[in-house]
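Chains as they are written, first to last, in my numbering: chain S, 1 to 308; chain G, 309 to 616.
All residues carry an ideal CB built from backbone N, CA and C; glycine is no exception.
Because the structure is a prediction, the values reported are computed rather than measured.
Number of protein chains: 2
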Amino acid sequence: MGLDMTDTAKIKACVVGLGSMGLGIAGSLLRAGFDVSGCDVSADAMGRFSTLGGDTAQTPGAAANGVDVVISVVVNAMQTEAVLFGPDGAASQMASGGVILSCATMAPDAARAFEKKAQALGLMYLDAPISGGAVRAAAGEMTVMASGAPAAFDRARPVLSAIAAKVYELGDEAGTGAAFKIVNQLLAGVHIAAACEAMTFAAAMGLDLPRVYEVITASAGNSWMFENRVPHILDGDYAARSAVDIFTKDLGIVTDIGRALKFPTPVAAIAMQMFVMTAAAGMGRDDDASVARMLAGLSGLDLPGAKA
Amino acid sequence: MGLDMTDTAKIKACVVGLGSMGLGIAGSLLRAGFDVSGCDVSADAMGRFSTLGGDTAQTPGAAANGVDVVISVVVNAMQTEAVLFGPDGAASQMASGGVILSCATMAPDAARAFEKKAQALGLMYLDAPISGGAVRAAAGEMTVMASGAPAAFDRARPVLSAIAAKVYELGDEAGTGAAFKIVNQLLAGVHIAAACEAMTFAAAMGLDLPRVYEVITASAGNSWMFENRVPHILDGDYAARSAVDIFTKDLGIVTDIGRALKFPTPVAAIAMQMFVMTAAAGMGRDDDASVARMLAGLSGLDLPGAKA
């Protein structure tokens with residue numbers, strides 16, 4: 001290896017997509033001493049990154065000029081394609097032998113296609129979806145579900161160490177990381193929809209909702225998402241920590257894969273419809289716990305914040 | 309109070325229904341020094357109870373003759389009605405002012421009707437559904453979600469202390485305990501169906517299933533049920549700890565209540581259909597993780613124990 005991997009200052013990193021997750025990643029890299037450039041379509045996001053000490057550029061390609069590691073933290077496969085391989089994309093500008101970390105949740109086939117494109121340019125690719133939310137991203141404590149060539153892991157390890165508390169190395173080809181993440185998203189999406197259905201059902205039966213939260217979180221009906229999202233319902237606070245539209249997308253990927261594999265996913269399919277209904281009611285960009293607000297709104301339940 | 313509640317030997321208790329939960333309860337009471345009688349339709353169950361030192365009787369009425377506390381641990385409202393208030397039922401034989409603990413999961417309306425019948429006989433009634441599974445029942449460490457008159461709680465407290473690690477006192481009328489339990493069952497049932505769907509979906513994508521379990525249990529897709537039931541799938545072990553038919557029943561109660569209240573429960577409804585499909589395929593009395601076996605069977609997936 002020509003690069004001394006113990007000296008983070010010698011690794012040039014670029015973060016494309018400076019939303020809540022990307023900004024947290026970029027901040028973690030800056031704190032760890034990396035030389036970090038970044039790019040986002042939002043001037044506000046670029047401003048926040050500048051404040052942290054990052055170097056901004058107007059296009060992914062300009063931001064990635066000569067860098068060793070590009071971290072793509074955009075929303076989906078289409079945006080990933082654009083920022084990496086489109087006009088003014090990052091990939092063609094990177095240092096030779098550099099590695100792309102692709103963090104968006106996408107179908108395994110899309111991840112495999114991107115790995116091939118990266119290899120054709122002499123680059124390495126890690127299929128590296130992330131989990132944990134904005135708070136853990138800002139703390140450098142995300143979970144990464146990654147797959148790719150061992151050499152890509154070796155090259156990216158100092159970066160991964162700076163941004164994640166836990167890195168699962170799940171296989172030596174792109175696609176496996178994406179598949180693990182989409183299994184997680186199936187469960188996460190269903191559990192959010194179920195939490196919202198259960199809490200509004202409890203309200204319809206006239207139960208004391210904070211007490212329901214207390215009892216369920218200590219019982220066999222608990223889930224990570226129930227524990228995390230129900231406080232939003234109790235507070236009537238639907239400011240987006242993670243938006244409804246994330247799950248219309250991710251559960252859409254689940255059901256698309258299922259259809260392609262001829263494998264039925266009825267629970268994921270109905271949960272997806274709950275998010276689609278919530279988006280249809282105008283709450284697509286609100287917090288994903290808004291499924292509860294949708295159910296309360298259509299049935300005339302008096303829930304905190306339901307009329308907002 | 310005419311009874312010294314600190315002396316458990318003076319309280320005569322009767323357990324009706326000596327299945328895995330009832331036997332655990334009866335054993336906990338015997339260890340705590342109560343005088344315990346019991347009754348079950350199964351001679352095997354009665355034999356196990358005798359071995360622990362309990363007094364058996366051929367009918368609920370005979371078992372409950374002169375007792376202070378009757379604990380009904382049968383499957384549903386219909387069985388509860390029969391063992392408490394039917395011919396040879398327990399209620400009419402109890403000591404005056406005694407208290408009934410009714411543990412079956414049922415609709416809140418059914419619990420309220422039983423409370424009225426008990427009161428008409430000069431008895432007290434606790435709507436006291438239980439949670440935690442057979443292992444915790446045997447250890448005297450169940451969770452009880454109870455509602456009823458304060459005097460009923462006072463009278464039953466030594467018994468509750470002997471059988472439960474946690475007693476939620478949720479209100480002063482029957483129905484509230486049942487409603488909390490059914491909210492828990494909505495979530496538990498959906499989470500089991502989702503766990504089975506997610507694991508078989510992962511298998512369909514060719515993933516390493518033990519690794520999926522490791523990653524998901526450390527991620528936001530986790531649930532109490534995922535963590536508890538997926539080992540059954542990994543081991544291909546579908547010996548019933550809790551049977552598929554429990555959830556066709558409990559999710560049926562959820563959807564019946566929703567229909568009566570005109571409140572939609574689409575996620576619970578599709579989960580119920582998954583359990584109905586599994587029961588239709590001949591696995592109603594097998595472990596509830598058999599939803600995974602049903603999905604594997606219909607799609608030709610090679611899952612441990614799937615052909616059994």
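Asked, Found
"Taking 9 Å as the cut-off, decide whether the C-beta atoms of S:CYS39 and S:VAL15 are in contact.", "yes"
"Between the alpha carbons of G:THR359 and G:LYS318, how many angstroms are there, rounded?", "22 Å"
"Among S:VAL83, S:ALA139, S:ALA220, S:ALA151, which has the Cα closest to the Cα of S:CYS103?", "S:VAL83"
"According to DSSP, is G:GLU477 part of a helix, a strand, or is it coil?", "strand"
"Figure out for me which residue from S:GLY61, S:MET294, S:ARG112 has the closest Cα to the Cα of S:ALA77.", "S:ARG112"
"Rounded to whole angstroms, what's the CA-CA distance from S:ALA186 to G:ALA464? Just pull it up for me.", "Reading off the sequence shown, one finds Leu at residue 186 of chain S, where the question assumed Ala. If you take the alpha carbons of S:LEU186 and G:ALA464, they lie about 43 Å apart."
"Listed in chain order, which residues of the stretch 461-481 of chain G have Cβ atoms closer than 8 Å to some Cβ of chain S?", "LYS474, TYR476, LEU478"
"How many Å lie between S:ALA128 and G:TYR546 at the Cα?", "35 Å"
"Tell me the residue span of the beta strand (DSSP E) that contains S:TYR125.", "124-127"
"Compare the C-alpha of G:LYS557 against each of G:ALA587, G:LEU569, G:PRO572, G:PRO574 and name the closest.", "G:ALA587"
"Please check if any C-beta of chain S sits within less than 9 Å of the C-beta of G:MET453.", "yes"
"My assumption, with CB atoms under 8 Å, is that G:HIS540 sits in contact with G:ASP595. Please give the rounded CB distance.", "6 Å"
"State the start and end residues of the unbroken alpha helix (DSSP H) segment that holds G:CYS504.", "484-512"
"Going by DSSP, what residue range makes up the alpha helix (DSSP H) through G:THR388?", "385-393"
"Where in the stretch 323-366 of chain G do unbroken runs of the alpha helix (DSSP H), each at least 4 residues long, occur, reported from the N-terminal end onward?", "328-339, 351-360"
"Whole beta strand (DSSP E) runs in the stretch 440-479 of chain G with 3 or more residues, listed along the chain?", "450-456, 472-477"
"Please report the Cβ distance between S:SER147 and S:THR176, rounded to the nearest whole angstrom; I am assuming they are in contact, meaning their Cβ atoms lie under 8 Å.", "4 Å"
"Cβ of G:ARG519 less than 9 Å from any chain S Cβ?", "yes"
"G:PHE571 touches chain S at which residues, Cβ-Cβ below 7 Å?", "PHE201, ALA204, SER299"
"For S:ILE11, which three-state DSSP category applies?", "coil"
"With a cut-off of 9 Å, does the C-beta of S:PHE180 fall near any C-beta of chain G?", "yes"
"Measure the C-alpha to C-alpha separation of G:VAL443 and S:ARG211 and round it to an integer number of angstroms.", "26 Å"
"Rank S:LYS12, S:ILE25, S:SER161, S:GLU197 by C-alpha distance to the C-alpha of S:ARG48 and give the top, closest one.", "S:ILE25"
"Since G:VAL407 is in the beta strand (DSSP E), which residue starts that stretch and which ends it?", "407-410"
"Under 9 Å between C-beta atoms, does G:GLY310 make it to chain S?", "Confidence at G:GLY310 is low in this model, with a pLDDT of 40, below 50, so the placement of that residue should be treated as unreliable; the coordinate-derived value is given next. No, its Cβ sits nowhere closer than 9 Å to a Cβ of chain S."
"Would you say S:GLN273 reaches chain G, if we count a Cβ-Cβ gap shorter than 9 Å as a contact?", "yes"
"Who does S:ASP287 pair with in a DSSP beta bridge?", "S:ALA243"
"Helix, strand or coil for G:VAL538 per DSSP?", "helix"
"Quick check: what's the CA-CA separation for S:GLU227 versus G:ALA351?", "43 Å"
"Any beta carbon from chain G within less than 9 Å of S:ALA95's own beta carbon?", "no"
"Measure the C-alpha to C-alpha separation of S:ALA201 and S:ASP109 and round it to an integer number of angstroms.", "Ala is not the amino acid found at residue 201 of chain S; the sequence shown has Phe there. Roughly 39 Å separates the two Cα atoms."
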